[in-house]
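Reading through the structure tokens given below for one structure.
Protein chains: 2
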Amino acid sequence: MSQKDIYVKNMPLGEAKEKYHSALKKINFFDSAATTEIAVEEALGQITGAPVFAVHSSPAYNAAAMDGIAVHFADLASASDAAPVRLTEKQFVPVNTGNNLPLEFDAVVMIEDVHYVNEHEVELAIPATPWQHVRTIGEDIVATELILPVGHRIRPIDQGAMLATGVTRVLIKEAPQITIIPTGSELIQPGTTPAPGQIIEFNSIILAGYLNEWGAVAKGAAPVCDDKEKLRATISKAVKTNDIVIINAGASAGTRDYTSTVLAELGEVIVHGVAIKPGKPVILAIVENTPVIGLPGYPVSAILTMRLFIHEMIYSFMDMQKPVTAKTQARMSRPMHSSMGQDEYVRITLGQVGEELMATPAGKGAGAVMSLVRADGILTLAAGSEGVGAGEKVEIELLRPLTEVQSTLVAIGSHDNIIDVLANLLHKGSKAIRVSSAHVGSMGGIMAIKRGEAHFAGSHLLDEKTGEYNISFIKRFLTDIPLQLINLCYRRQGLIIAKGNPHKISGFQDVADKKLRFINRQNGAGTRLLTDKMLKDQNINPSDISGYDHEEYTHMSVAASIANGSMDCGMGILAAANALNLDFVPIAEERYDLIIPQKFLDDTKIQTLLNIICNSPEFKELVNNLGGYNLRDSGKIMYRQ
Amino acid sequence: MSQKDIYVKNMPLGEAKEKYHSALKKINFFDSAATTEIAVEEALGQITGAPVFAVHSSPAYNAAAMDGIAVHFADLASASDAAPVRLTEKQFVPVNTGNNLPLEFDAVVMIEDVHYVNEHEVELAIPATPWQHVRTIGEDIVATELILPVGHRIRPIDQGAMLATGVTRVLIKEAPQITIIPTGSELIQPGTTPAPGQIIEFNSIILAGYLNEWGAVAKGAAPVCDDKEKLRATISKAVKTNDIVIINAGASAGTRDYTSTVLAELGEVIVHGVAIKPGKPVILAIVENTPVIGLPGYPVSAILTMRLFIHEMIYSFMDMQKPVTAKTQARMSRPMHSSMGQDEYVRITLGQVGEELMATPAGKGAGAVMSLVRADGILTLAAGSEGVGAGEKVEIELLRPLTEVQSTLVAIGSHDNIIDVLANLLHKGSKAIRVSSAHVGSMGGIMAIKRGEAHFAGSHLLDEKTGEYNISFIKRFLTDIPLQLINLCYRRQGLIIAKGNPHKISGFQDVADKKLRFINRQNGAGTRLLTDKMLKDQNINPSDISGYDHEEYTHMSVAASIANGSMDCGMGILAAANALNLDFVPIAEERYDLIIPQKFLDDTKIQTLLNIICNSPEFKELVNNLGGYNLRDSGKIMYRQ
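If you're matching them up, the sequences are chains A and B in order.
In terms of our numbering, the first sequence opens at residue 25 and continues consecutively.
In terms of our numbering, the second sequence opens at residue 25 and continues consecutively.
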């Protein structure tokens, strides 16, 4: 095995887009959409392929606009309360709204103003104006006038306007056909449990979903394993029946990545490697007059590069302008350095904390699908920019409606499964309060409150000296911030261990003596403080604990490592052990509180949260089902400043 | 025939909504959505019926985050440029991005930093940190953690997150089934040419379209003719298989309107008549525990009342919050009086003219489908408010994206078919400039320019004294406004007459002598000035022209009345006669100019317009095909001030 030739350029984004756009223009890609005629009833959401003109006028005749009688306005010229005019048969005719106005009449008197003398005669006390209460022919639209221009997305009202004016069939543009070809021998189908090294193939579902939302007809093909000839055959076939072909993965410089070689052999690689992060190894190629795009394998990279390169292509293909993505101004809660020489796309969590919309960077891993599920927006740090400072105003491209962001409670701090329980109860029904929670440990939560990033922080920081929870930390780090410390629960902490306790662990001494693989929590986590206190109390040197340096950020990820067999034990809560069917050696009961700044206590979202904690029987039942919790002080104010 | 009992109340909107909401709560309507389990791949756009939790962690194993080699970080502790560390077989293993990290290793060194000494040995010059370039198990999400709350609309990224964590089936809420029953013997199917008194049934398509966009599964039923028993049978059947039933038309107090009677017999009418305009006769009823809503027959009334009463019902049924409609601030270009005692919903055309977004009321007729096609937004004039003054800031509910509004050229003034030609050429392709045109005659256009409502106005006002077009009117009415008057075309004006000229018309004298039915244009229209000048020149008294008082607003509506046989002749342009296959008696050639305020001349939209007029061969060809035009001065500046 030898180091392979790494040939991925770092072309500026603008240049890459321009180069590919010119290449696509040369093959007439933007003029290649076919048109087809369909029934107007079926045309909702389709794009007009030609202007649409009215076939007949609307109304097509002079129509009564009210229920009443049709009259000749001149007959009523002298009508008054004192001297009402009497009309006899042939001088009027009863009409309902929408009825054709007979040619001899030129006005309608509404029923409320008509006095029937007998069945054949009426008396009227008010004069009429010509054409009153009449919808005259062509009042709305006249035959041959323009209803819809070309390149217009057909709305329900447009369907109505076409049908109303005699248009029953409409020429529409055919959406671009796109095939997504997943590549990689490690891919397995959804529904299978992945063995180590295997990856569930879900990228094609995500990519197709977005492409279809953008108006394409996209579908995933069967995955192709790492075989150059198979890839070549699949691409050759796909370009014959598709408007765009997407190869997912195989775009980086790994040893198995044949995509760029195959594309260069089959056609022309216009761009390989763009100065963007994530998404650098993207390939923009053309094979047999069909655009073929190699997207990176990581889902987040694939989605972001697809947004950059393919979103606009689809709209241009359909002869439409790409809709402008909603943006908002927000204030950065912490500084971000720019990536040297690359445009960087940063996932952002937004929180309306008071008057300010605060932006906090979220999840960096390109493989982290959940980071995009959780993200509210994207911040672009331009190549060559100096980054942004804490407190600086930035523009964020929104991934969900601003109103949804504004109805979100931002929880940053220690994680507890009860936060998920609360998230569900808050989202249910008309309340529709979303909880965005970041698990950064208790100390991280206190810092988030200090920076104004969060509405509340979960915390269980034990002060070794006083034996008290949270208060001394608040006094030290949140000195000038008025707030309340409200208890959420007491919970059992202990060692999470494999089912059946194969290593016969009864406490930390066993972990040291038996040289077991321990997994620790990060600095600043309440559980870390508890661990350190236990080790100190028992005179165990941390360096005797194997894995003391391997830090995880949540109880659940500690439990997952143990369930998976890669670690033997770690400190965590009973709920986490229960959730993954693991065993548990109790060490202590600890207090878990919520830190809530005073200024948010009147916020209806926080009020709703506290109301659930204090009063909801459903909440109590769900928590008790988790196990290991005690709600004796739940909702109680433990401290205020 | 006797005047029927008119029993439609005028209940305030808030009260009506509250009353109906309580009634719906009593029948548990909002808890009646069924749930069903479907494959995650099919779940795009569906609403979660229960919270979704991760089945396994992601990553499910410790995975290499880079291409390179897996190592034990401790082995590299002393590595430096001066003293690189050599690793032999078993101390490392090559890994590609995504590969499982064997349990004995705890770090990855990226390929760029690896120096292969031979196939089995590598040299490394940099120490490693624990777990560098490794995606540790559960880093993204851990088994049992919450992925999606209940009542969440599933996005492509959510599908990916579910599949990535072993969730392959998801519980979703079943969308409400809605049937729309059109009523009325006058209804005919689309595709038939309506005889006088007949109406094409297109409301059910429009209503179903919006309901489906809001997440329901709605379809139109076959129309029911005006027969009480048939209506009763249809409703009785529909409530058994639908979550909501809509009766369209039959809600007002016309002689054929049985809906409320039938509903009162079958169930309970909760509300009949709400203080809104349009939409007053709406019926809110419950039959056999199913909501049945009678919407007014006019399409605009039906759509607006559906937005008021049914939009939110669908979201509540799905346990979701109704998305907030986009709104914008705009400045009224003219005063609007409020409707006494009724909330009034006014269709609005918006125009970004300079810095200001100007709002102009558009189309009042409740039957005018095109008015809603053209409208950009809705202004609500609350019952009891004093209306709004010209120049006042108002809030407009948007019917199309603000960016689309901002890329719209607002044309108000005299209508000419060339404006439609320009609209199409401007909308095509990447330009995507929309033209919103209101046909109010030349003088109306001048007033719109004065009020700042329009980017340009088409005008052909003949000054009797000077024989010159437009300039004297501009000097008089637009005194202080810097502008350019740019010629669009010369065009033939004349009498539009029926095919074959059955009345042997050679000019106005025939119209007077033969007492033919003439249709006039409105005051302020250029064609009206021309008509008046011709009558004066020929010494014909307007009162001798039958129909001189019947005014229409466009050439095409004049032509339509003649094509329809309700009128014998009217003044208009050759293009209008040609479009409807009518004959034409030429009277004069007139000049048609565009008035463009100086401040808009640098606007790219206006620049694009002028570029098409001056340089586009396609434009010239399309205009020449219309007939009756001469483009000899097209694009020439006729006057500036």
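A virtual CB, placed ideally from N, CA and C, is assigned to each residue, including glycine.
Other residues of its chain near residue i: CB distance less than 8 Å, five sequence neighbours each side excluded
| i | result |
| --- | --- |
| Ile-62/A | Gln-70, Arg-193, Val-194 and Ile-196 |
| Gln-533/A | Gln-562 and Ile-564 |
| Ile-101/B | One detail in the question is off: residue 101/B reads as Ala in this sequence, not Ile. Closer than 8 Å at the Cβ level, and outside the excluded window around Ala-101/B, lie Pro-151. |
| Met-342/A | Ala-57, Ile-71, Gly-175, Lys-197, Ala-199, Pro-200 and Gly-239 |
Buried versus exposed call for residue i [16 or more other C-beta atoms within 10 Å across all chains shown]
| i | result |
| --- | --- |
| Asn-639/A | exposed |
| Val-141/B | exposed |
| Asn-34/B | exposed |
| Tyr-653/A | buried |
| Thr-314/A | buried |
| Glu-368/A | buried |
| Arg-500/A | exposed |
As assigned by DSSP and simplified to three states, the class of residue i
| i | result |
| --- | --- |
| Tyr-339/A | helix |
| Asp-556/A | helix |
| Asp-440/B | coil |
| Gly-465/B | helix |
| Leu-512/B | strand |
| His-157/B | coil |
| Ser-18/A | The structure shown does not extend to residue 18/A, since chain A spans only 25 to 665, so no value can be given for it. |
| Glu-163/B | coil |
| Glu-575/A | strand |
| Gln-517/B | strand |
| Leu-381/B | strand |
| Asp-561/B | helix |
| Asp-29/B | In this prediction, Asp-29/B has a pLDDT of 41, which is less than 50 and means its spatial position is unreliable; nothing more can be read from the coordinates. |
| Val-286/A | helix |
| Asp-487/A | coil |
Beta-carbon proximity list for residue i, same chain, < 7 Å, skipping 5 on both sides
| i | result |
| --- | --- |
| Ile-520/A | Val-582, Ala-583, Ile-586, Cys-593, Gly-594, Gly-596, Ala-600, Ala-601, Leu-606 and Phe-608 |
| Ile-436/A | Ala-462, Val-464, Gly-468, Gly-469, Ala-472, Glu-477, Ala-478 and Ala-481 |
| Asp-537/A | none |
| Val-79/A | Ala-167, Thr-189, Gly-190 and Val-191 |
| Phe-77/B | Thr-168, Glu-169, Leu-170 and Ile-171 |
| Val-535/A | Ile-529, Phe-542, Ile-569 and Cys-593 |
Same chain, Cβ closer than 6 Å to residue i, neighbours up to 5 away in sequence not counted
| i | result |
| --- | --- |
| Arg-475/A | Ser-357 |
| Ala-242/A | Ile-202, Ala-232, Leu-235 and Asn-236 |
| Val-166/B | Ser-81 |
| Ile-93/A | Phe-116, Pro-118, Val-133 and Val-138 |
| Arg-159/A | Pro-83, Ala-87 and Ala-89 |
| Gly-244/B | Ile-204, Ser-228 and Ala-232 |
| Gly-38/A | none |
| Arg-516/B | Leu-598, Pro-610, Glu-613 and Gly-652 |
| Glu-428/A | none |
Whole-Å CB distance - residue i paired with residue j, under 8 Å assumed
| i | j | result |
| --- | --- | --- |
| Leu-125/A | Ala-87/A | 6 Å |
| Ile-470/A | Ala-481/A | 6 Å |
| Ile-442/A | Val-647/A | 6 Å |
| Ile-205/A | Ala-288/A | Contact doesn't hold; Cβ gap of about 17 Å is too wide. |
| Ala-383/A | Ala-354/A | 4 Å |
| Thr-352/B | Ile-420/B | 5 Å |
| His-574/B | His-439/B | His-574/B to His-439/B, Cβ: 18 Å. No contact. |
| Lys-629/A | Leu-433/A | 5 Å |
beta-carbon residue i near the ligand FMN non-hydrogen atom, thresh 7 Å
| i | result |
| --- | --- |
| Ile-543/A | Summarising the ligand content, the structure contains no ligands, and the ligand FMN is consequently not present. |
* **Contact the stretch 57-71 of chain B vs the stretch 562-580 of chain A: 3+ CB pairs below 8 Å** => no
* **contact_flag[the stretch 45-55 of chain B, the stretch 176-190 of chain A] where n(CB pairs < 8 Å) is 3 or more** => no
* Counting Cβ pairs, one atom from each stretch, are 3 or more of them under 8 Å apart for the stretch 542-562 of chain B and the stretch 610-626 of chain B? -> yes
* Hey, is the stretch 383-394 of chain B in contact with the stretch 320-331 of chain B, meaning 3+ C-beta pairs nearer than 8 Å? -> yes
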